[in-house]
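Going by the numbering used here, the sequence shown opens with residue 747, and the numbers climb by one from there. Notes follow once the structure below has been shown.
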Amino acid sequence: AGGRGAMVHLDYVKSMLGPAGAQVQVTGLLDSPLWLDLPAYPGSGFWGFGKETQEAYALFKPAHLGEECAVVNRGAEWKCIFGQYRMPHVRTPYLLV
């Protein structure tokens, strides 16, 4: 969840810093946020990362969806906390490992 949380909040860091944000250059270090929406392996008992993310979205109701991502995924906003769908909309520079 660390990499995913950093991905979700990265474009908001400068504004979270208030006036000090104007004097800061932000670059994210994203460790493993790029989950893929693939079907679960049959018989594994795992319901897949897509379903897991939908459940997390319903439970936590995150506010930082990214305006562009939320528009593109209207009706499926959970995708905005899922790397495969969110990363194309992240605008702040980042390193992805």
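All C-beta atoms in this analysis are idealised placements derived from N, C-alpha and C, irrespective of residue type, glycine included.
- For threonine 799, the closest alpha carbon among the candidates Pro808, Ile827 and Leu775 is that of Ile827.
- Annotation: alanine 752 to proline 839 spans about 12 angstroms, alpha carbon to alpha carbon.
- Between proline 788 and glycine 794, the alpha-carbon positions lie close to 10 angstroms from each other.
- Looking from the CA of leucine 811, the closest CA among Gly767, Leu805, Lys760 and Val836 belongs to Val836.
- Burial check for valine 817: the Cβ neighbour count within 10 Å stays below 16, so the residue is exposed.
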